[in-house]
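Here is the structure we will look at.
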Amino acid sequence: MSPTSEHRPTLAELERGLPFAERHIGPRPDDLARMLEVLGVDSLDALAARALPDTIRDDAPVGASLPAPVGEAEMLAELRELAGRNTVTVPMIGYGYHGTRTPSVIRRNVLENPAWYTAYTPYQPEISQGRLEALLTFQTMVSDLTGLPVAGASLLDEATAAAEAMTLLRRANRSTSPRFVVDADTVAQTVDVLRTRAEPLGIELVVADLGDGVLPEGEFFGMLLSYPGASGRVADPSALVEAAHGRGALVAVAADLLALTLLNPPGEFGADAAVGSTQRFGVPLGFGGPHAGYLSVGQRHARQLPGRLVGVSRDADGHYALRLALQTREQHIRREKATSNICTAQVLLAVMAACYGVHHGPDGLRDIATRTHRMAAVLAAGLRSGGVEIVHDAFFDSVLARVPGRADAVVAAAHDAGIALRRASDDEVGVATSEITTVAHLHAVWAAFGVTGVDVAALDGDTADALPAGLRRASEYLTHPTFHEFRSETALMRWLRRLADADLALDRTMIPLGSCTMKLNAAAEMEAVTWPQFADLHPLAPESDTAGTREMIDQLETWLADLTGYAAVSLQPNAGSQGELAGLLAIAAYHRSRGATDRDVCLIPASAHGTNAASAIMAGLRVVVVGTAPGGDVDLDDLHAKIAEHGDRLAALMITYPSTHGVYEAGVRDVCAAVHDAGGQVYVDGANLNALVGVARPGAFGGDVSHLNLHKTFCIPHGGGGPGVGPVAVAEHLAPFLPGRTPRSDGGVGPVSAARHGSPGVLPISWAYLRMMGLDGMRRATLTAVAAANYVATRLREHFPVLYAGADGTVAHECILDLRTLTKETGVTVDDVAKRLIDHGIHAPTMSFPVAGTLMVEPTESEDLAEIERFVAAMVSIRGEIDRVAAGEWPAEDNPLRNAPHTAACLADDKWDHPYPRELAAYPTGVTPGVHDRKVWPPVRRIDGAHGDRKLVCSCPPPDAFA
Ligand SMILES: *Cc1c(COP(=O)(O)O)cnc(C)c1O
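Heads up, the sequence shown is in the UniProt record's numbering, so the first residue is 1 and it goes up one at a time.
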């Protein structure tokens, strides 16, 4: 405010300061005015009036529950107050979640470092070598520890990993039996998710007590063993594995990676797959998530693996380079062939776990495991010395104590001493040790059991290990130099910096990815993620300890319900895909509750995101594709024909709004009404909510259920491919069918993720965003995003045709640039354009989705005009280069587009025989030498995908492989 301004700000205004929305939204007011001028409107409201169809506009009071926004300091004070209502205890509950120490070097340099947390999924491998290497390290670690050669680059949690293993074994086995045997000594959350996932697929779950080593009668296609068991028991699984194989079944083992540093790994006793969590490798508990689940398999199942797999390939100069292997395997989320819907996984957490392995190395991990085990062994011995019965003689870290009738009293006494134990039953208490357990904790636990005066030193000397001798691991692991070279903190810090520098994340460039909404992840939003009161809560902590987090979850659910026009929200799904599954299961359960058990057809537009059809298959529905009209909208004639054809079999329509073509379809209300008239339910995929928040609500224009992606619209960073949160929002009639809300026996839907609230550890991010933006800020963000997309479309239209547009020629929050004609005429492909953008230091838009041969651009509201102009200039420059190819000035096979990206090494080579100068290769829009040179040098040249797939290598190759 300048001193000459007429309005003297009031004290209240001065105290409030600059609203957060002014920081979140990129374009300054003057810049926005210029953008709007180019669009021919004079305000965001005028733009809204033009771009949004009247049919979806919502003049009802939206978001009334959302409080007026506050600034960063006030928001943090409120969050601190909520955090203060949580009570952090020493977690000795175990049961799949354990105390761990996140090394500060990993917390600061990875978890709290935007170079890592703002990165996108590594679909552009040339600018993703850093996180690809970290993920390859994760794969190598999991593969080594489980003794199985092929490990994926993370799954959502242990329970969903077990479900993925179940369906993988079914695909891999020729057995026609629908039965899957589950060890009764498996954590309840895994059994629960298995049930949810098994039922719609017609898999019959047989939970069997395998403690006496006897398999259930009859045929079964697969089996899941727990190692160690949920009770803590460690038994030799080899006889059971052999017996199951003898019966024609395949076997997966849920295993604790830390225990596997001491115990024979699943691969060595014949398991076909291993699953589990990597949480205790330095990832905070976070009240249940996010943590990286893992799945590893034998070589013969490599091509069945769901999710992403990093593999080794080579670049155009023949150098070592990494990429996502078997990408066509993301066919696993394609239509009727779908075998899994996993898309966003847990990359950031997998990177943390890998770094933990690198930080500690094999000997360090073995020391942590030994310490954990010795603490448990001495703990058990102390209890025994005080007359407490210990149920199992062999265990790794979890001791099950029998205290007839006293379980509640013991747990309460421990809680008074600041320690959380597991109440296994009226008569049994579970105590789990971990990396953070100390002798002082043992004394406190003994005291809670009424055992005092234990002489620890004497007991320690007298107590043998409690691991079965025959199960002692003899094989080596983590022998690769990566697990040995970065043991000093200096070396580790530099390794992490080197990897991060190889990548282009949001901290260096806009990432204009259509359908992915790569917007600002503000530092203030991230702040609370690592506060101990949020980060150190065990998911099974008593309710009295978690009041603050639960209040935050309630508020967030209420706000999201309000913003979407639905009655209820569940934050449990830990990715968009899981929200889809939960929503479709709700629809199926609703139909069942009304006796309409035949309704099993799910209509899905041809342009839908791959997860849609995959989720429908997993929900037990039949996918029927609805065509696209020439303008990009749903083909209404085809829709009506399909509705008529399937009649009483119609369960649902899944439709993305705005459409995956980036357009507000004017006819959406009619589409919804047609489905409702036929007795179907409407699922509105809300991943594109960034074009709707504050201006229209899917629940108000016809949706019965939607999922939202908090890792897109609501600022949870993408983390290089996760974490995500995919809340499912439903209308009143579907509320009883939200995951876990109604008992299964009453027709309810079971949980879709291991922890009740999915990934609460990252929910403070979205809470903070909404709290600081308020309804008005959200609305401005939405309309600024629409303005930015239309600005890009307008500026680039004369250079690249914009494929689809809605009313008045406007797009929604993204636009599709159509390169197909240019490709036909010149041979220059979307790949060439994407890779040439790397030479400009800009991340490519979405390639070939939803239309092959196109680029989909979503600038978001967070990019300022200068960055948008940098992108536009790069695209215009690229178009100029395409024209020179077209004019025959450069051959189709040798030009700066085809040869992009250019590394420093290839330009420094004495030999340069290309028909364009080096300077143009490196600096396509001119050199800006000196300190302001923003040049980003890619570490590798264009990567050969097919090569890596033919020779699949997906763990760190030995150093001599480079010789
Ligand atoms: C991102 C996206 C999804 C899937 O979300 P994930 O979190 O990756 O599982 C589904 N639909 C659309 C339209 C999306 O853009």
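Just so you know, even glycine gets a beta-carbon here, dropped at the ideal spot from N, CA and C.
Quiz prompt | residue 604 - DSSP class collapsed to helix/strand/coil | solution = Here residue 604 corresponds to residue number 604 of the sequence shown, with the count starting at 1. When DSSP states are grouped into helix, strand and coil, residue 604 belongs to the strand group.
Quiz item: Should residue 521 be counted as a contact of ligand 1 given a C-beta to heavy atom distance under 7 angstroms?
Solution: Your numbering for residue 521 matches position 521 in the sequence shown. Result no, Cβ not under 7 angstroms from ligand 1.
Quiz prompt | Range covered by the alpha helix (DSSP H) that runs through residue 510 | solution = Walking along the sequence shown from the start, residue 510 turns up at place 510. Per DSSP, residue 510 belongs to no alpha helix (DSSP H) and is neither H nor E.
Quiz item: Between the Cα of residue 217 and the Cα atoms of 226, 225 and 207, which residue gives the shortest distance?
Solution: Start at 1 with the first residue of the sequence shown, and residue 217 comes out as number 217. Checked all of 226, 225 and 207; the closest Cα to residue 217 is 207.
Exercise. Would you check whether ligand 1 has a heavy atom nearer than 7 angstroms to the C-beta of residue 264?
Key: Looking up residue 264 in the sequence shown gives position 264. It does not: the Cβ of residue 264 is nowhere closer than 7 angstroms to a heavy atom of ligand 1.
Self-check item: Buried/exposed call for residue 960, threshold 16 Cβ in 10 Å
Solution: Reading the sequence shown from its first residue, position 960 is the one you call residue 960. Exposed.
Self-check item: Coil, strand or helix - residue 678 by DSSP
Solution: Within the sequence shown, numbered from 1, the residue matching residue 678 stands at position 678. Coil at residue 678, not helix or strand.
Quiz item: Curious, which full-length alpha helix (DSSP H) runs of at least 4 residues does the UniProt domain "Glycine dehydrogenase C-terminal" (781-902) contain?
Solution: 820-826, 830-839 and 865-886
Quiz prompt | Proximity to residue 102 [Cα-Cα], best of 531, 943 and 123 | solution = As a first step, residue 102 must be located in the sequence shown, where it is residue number 102. Per the Cα distances, 531.
Exercise. Please check the pair residue 596 and residue 735, which I expect to be a contact at CB under 8 angstroms, by giving their CB distance rounded to whole angstroms.
Key: Locating residue 596 in the sequence shown gives position 596, counting from the first residue. Locating residue 735 in the sequence shown gives position 735, counting from the first residue. Wrong, their Cβ atoms sit about 18 angstroms apart, outside the cutoff.
Quiz prompt | Any non-hydrogen atom of ligand 1 closer than 7 angstroms to residue 640 Cβ | solution = Position 640 of the sequence shown, counted from the start, is the residue given in the question as residue 640. For ligand 1, not one heavy atom lies less than 7 angstroms from the Cβ of residue 640.
Quiz item: In terms of alpha-carbon separation, which member of 957, 88 and 49 lies closest to residue 809?
Solution: Position 809 of the sequence shown holds residue 809. Residue 49 is the option with its Cα nearest to residue 809.
Quiz prompt | Rounded straight-line distance, which links the Cα of residue 584 to that of residue 647 | solution = Along the sequence shown, one-based indexing puts residue 647 at 647. Along the sequence shown, one-based indexing puts residue 584 at 584. Going from the Cα of residue 647 to the Cα of residue 584 covers about 19 angstroms.
Exercise. Just the C-alpha distance for residue 487 and residue 158, rounded to the nearest angstrom, thanks.
Key: What you label residue 487 is simply residue 487 of the sequence shown in a count that begins at 1. What you label residue 158 is simply residue 158 of the sequence shown in a count that begins at 1. So the alpha carbons of these two residues sit roughly 29 angstroms apart.
Quiz item: Are the stretch 486-500 and the stretch 657-671 in contact at 8 angstroms, needing three or more beta carbon pairs?
Solution: no
Quiz item: For ligand 1, is there a heavy atom less than 7 angstroms away from the beta-carbon of residue 685?
Solution: Residue numbering aside, residue 685 sits at position 685 when the sequence shown is read from its first letter. Yes, since a heavy atom of ligand 1 falls inside the 7 angstroms radius drawn around the Cβ of residue 685.
Quiz item: Using a threshold of 7 angstroms, is the CB atom of residue 609 nearer than that to any non-hydrogen atom of ligand 1?
Solution: Here residue 609 refers to the residue found at position 609 when the sequence shown is read from its first residue. The answer is yes for residue 609.
Practice problem: Consider the C-beta atom of residue 575 and the heavy atoms of ligand 1; say whether any pair is separated by less than 7 angstroms. | Solution: Within the sequence shown, the letter at position 575 stands for residue 575. Yes, ligand 1 has a heavy atom inside 7 angstroms of this Cβ.
Practice problem: Pick helix, strand or coil for residue 411, following the three-state DSSP scheme. | Solution: Translated into the one-based positions of the sequence shown, residue 411 becomes position 411. Reduced to three states, the DSSP call for residue 411 is helix.
Quiz item: At a cut-off of 7 angstroms, is residue 790 close to ligand 1 when judged by its beta-carbon and the heavy atoms of the ligand?
Solution: One-based indexing of the sequence shown puts residue 790 at position 790. No, Cβ of residue 790 sits at least 7 angstroms from all heavy atoms of ligand 1.
Self-check item: Pair within 8 angstroms by beta-carbon distance, residue 941 and residue 891
Solution: The residue you call residue 941 lines up with position 941 of the sequence shown. The residue you call residue 891 lines up with position 891 of the sequence shown. Result no, Cβ atoms of residue 941 and residue 891 do not sit closer than 8 angstroms.
Practice problem: May I ask you to check if the CB of residue 515 is nearer than 7 angstroms to at least one heavy atom of ligand 1? | Solution: For the purposes of this step, residue 515 is identified with residue 515 of the sequence shown, where counting begins at 1. The answer is yes for residue 515.
Exercise. Answer yes or no: do residue 117 and residue 719 have a C-beta to C-beta separation smaller than 8 angstroms?
Key: Taking the sequence shown and counting its residues from 1, the one referred to as residue 117 is at position 117. Taking the sequence shown and counting its residues from 1, the one referred to as residue 719 is at position 719. For residue 117 and residue 719, yes; Cβs fall inside 8 angstroms.
Quiz item: Going by beta carbon distance, what residues of the same chain come within less than 6 angstroms of residue 442, once the five residues before and after it are set aside?
Solution: For this step, residue 442 is matched to residue 442 along the sequence shown. 379, listed in sequence order.
Quiz prompt | Best match in 846, 16, 7 and 31 for proximity to residue 862 [C-alpha to C-alpha] | solution = Within the sequence shown, the letter at position 862 stands for residue 862. The shortest Cα separation from residue 862 among 846, 16, 7 and 31 belongs to 31.
Quiz item: If you measure from the CB of residue 339, is any heavy atom of ligand 1 nearer than 7 angstroms?
Solution: Taking the sequence shown and counting its residues from 1, the one referred to as residue 339 is at position 339. Distance from the C-beta of residue 339 to the nearest heavy atom of ligand 1 is not below 7 angstroms.
Exercise. Report yes if the C-beta distance between residue 640 and residue 674 is below 8 angstroms; otherwise report no.
Key: Numbered from 1 along the sequence shown, position 640 holds the residue referred to as residue 640. Numbered from 1 along the sequence shown, position 674 holds the residue referred to as residue 674. It is a contact, given that the beta carbons lie within the stated cut-off.
Quiz prompt | 8 angstroms Cβ cutoff met for residue 79 and residue 717 | solution = In the sequence shown, the residue the question calls residue 79 occupies position 79. In the sequence shown, the residue the question calls residue 717 occupies position 717. No, Cβ-Cβ distance for residue 79 and residue 717 is not below 8 angstroms.
Practice problem: Provide the residue span of the alpha helix (DSSP H) that contains residue 1003, from first to last. | Solution: The structure shown does not extend to residue 1003, since the chain is modelled only from 1 to 963, so the question has no answer here.
Quiz item: Are there 16 or more other CB atoms within 10 angstroms of the CB of residue 1, so buried, or fewer, so exposed?
Solution: One-based indexing of the sequence shown puts residue 1 at position 1. Low per-residue confidence applies at residue 1: pLDDT is 44, beneath 50, and the placement is therefore not dependable enough to give any value.
Quiz item: What is the DSSP secondary structure of residue 526, reduced to helix, strand or coil?
Solution: Numbered from its first residue, the sequence shown carries residue 526 at position 526. Three-state DSSP puts residue 526 in a helix.
Quiz prompt | Contact under 8 angstroms by Cβ, residue 254 with residue 275 | solution = As a working mapping, residue 254 is identified with position 254 in the sequence shown. As a working mapping, residue 275 is identified with position 275 in the sequence shown. Taking 8 angstroms as the Cβ cut-off, residue 254 and residue 275 qualify as a contacting pair.
Exercise. Measuring only between beta-carbons, confirm whether residue 849 sits less than 8 angstroms from chain C.
Key: This model lacks chain C altogether, as it is built from one protein chain only.
Quiz item: For residue 252, which three-state DSSP category applies?
Solution: As a working note, residue 252 is residue 252 in the sequence shown. The DSSP-derived three-state label of residue 252 is strand.
Practice problem: For residue 301, I'd like the list of residues in its chain whose CB is within less than 8 angstroms of its CB, leaving aside the five on either flank, ordered along the chain. | Solution: Here residue 301 is taken as the residue at index 301 of the sequence shown, counted from 1. Cβ within range, chain order: 150, 168, 172, 272 and 273.
Practice problem: Could you tell me which residues DSSP puts in a beta bridge with residue 322? | Solution: Along the sequence shown, one-based indexing puts residue 322 at 322. Per DSSP, the beta-bridge partners of residue 322 are 312.
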